[in-house]
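Asker: I'd like to ask you about the structure that follows.
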Amino acid sequence: MNGQRIFAQTHVALYRMSRGRLGGRFRKSPVLLLTTIGRKSRKKRTTPVLYLEDGENLVLVASNAGKDRDPFWWMNLKDDPSAAVQVRGRTVEVRAAQATPEEKSRHWPSLVKMYPAYDDYQKKTEREIPVVILRPLRSKC
Numbered sequence: 024m025n026g027q028r029i030f031a032q033t034h035v036a037l038y039r040m041s042r043g044r045l046g047g048r049f050r051k052s053p054v055l056l057l058t059t060i061g062r063k064s065r066k067k068r069t070t071p072v073l074y075l076e077d078g079e080n081l082v083l084v085a086s087n088a089g090k091d092r093d094p095f096w097w098m099n100l101k102d103d104p105s106a107a108v109q110v111r112g113r114t115v116e117v118r119a120a121q122a123t124p125e126e127k128s129r130h131w132p133s134l135v136k137m138y139p140a141y142d143d144y145q146k147k148t149e150r151e152i153p154v155v156i157l158r159p160l161r162s163k164c
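Per the working numbering, the very first residue in the sequence shown carries number 24; after that it's consecutive.
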C-alpha cells in the first residue's frame, strides 16, 4: 500500500470518527468525504475532497494535482453519478454532474481563492480540469 493511500485512509477514519472536527480542513479549505461506487470493483470508495458551497450544492475540482488523468473519484462518478457525501457530521445522497462552461467560469475564481494551487494545476496539465457539481437528492413525499 502506498503512502498516499495510507494517508487518505487515515484521513477518512479520523474525519468519520470526529464528525469532521479532525480532517475537516486542508490548510484553510473545507474538506468533505465523497463516497462513490468503483467503476471496476463496484465497491464503495471514500476519499477526502476539497469543496465549495453554492447554496445547497457542493462544488468540487477534479484536479488530481494537475496530473494528466482524471482522479479515480471523478472517473467513478462519470460511470455512476450517484454518491454520498459527509460534510462534518451530516451525510447526504447526491447526484454529480460536470459543471457547464458557464458554471465553471462562475465558480473558478472562488475555487482558486479557496485553494490557489488549482490555477497551477490547470497550467501543469493539458487536460481541461473538470469542475463537478454535487446536487442533493430529494426524497419524494
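Beta carbons are placed, not taken as given, at the ideal position from N, Cα and C, and that holds for glycine. Small disclaimer: the values here were computed from a predicted structure and weren't measured.
Which same chain residues end up closer than 8 Å to Arg68 when comparing Cβ atoms and leaving out the 5 residues on each side of it in sequence?
Answerer: The residues are Thr58, Thr59, Ile60, Gly61, Phe95, Trp96, Asn99.
Asker: I think Ile152 touches Ser52, with their Cβ atoms under 8 Å apart; what is that distance to the nearest whole Å?
Answerer: Actually they do not touch by this definition, with Cβ atoms about 16 Å apart.
Asker: Assuming Ala106 and Thr114 form a contact by the criterion Cβ under 8 Å, report the distance between their Cβ atoms to the nearest whole angstrom.
Answerer: With a Cβ gap of about 11 Å, Ala106 and Thr114 do not count as contacting.
Asker: Locate the beta strand (DSSP E) running through Arg158, then write down its first and last residues.
Answerer: Note, Arg158: beta strand (DSSP E), 154-159.
Asker: If distances are taken between C-alpha atoms only, which option among Tyr74, Asp102, Val110, Lys146 comes closest to Val154?
Answerer: Here the closest residue by C-alpha is Tyr74.
Asker: Is Arg111 closer than 7 Å to Gly43 when the C-beta atoms are compared?
Answerer: It is a contact, given that the beta carbons lie within the stated cut-off.
Asker: In its own chain, which residues sit with a C-beta less than 7 Å from the C-beta of Lys142, not counting the 5 before and 5 after it?
Answerer: Correcting the residue identity first, residue 142 is Asp in this sequence and not Lys. Once the five neighbours on either side are set aside, the close Cβ partners of Asp142 are Val135.
Asker: Based on DSSP bridge pairs, tell me the residues matched to Ser41.
Answerer: Ser41 is not bridged to any residue.
Asker: Please name the residue in Ala120, Met40, Val72 whose C-alpha comes closest to that of Arg48.
Answerer: Residue Val72 is the option with its Cα nearest to Arg48.
Asker: Assuming Leu160 and Ala119 make a contact with CB atoms under 8 Å, what is their CB distance in whole Å?
Answerer: About 11 Å separates the two Cβ atoms, so there is no contact after all.
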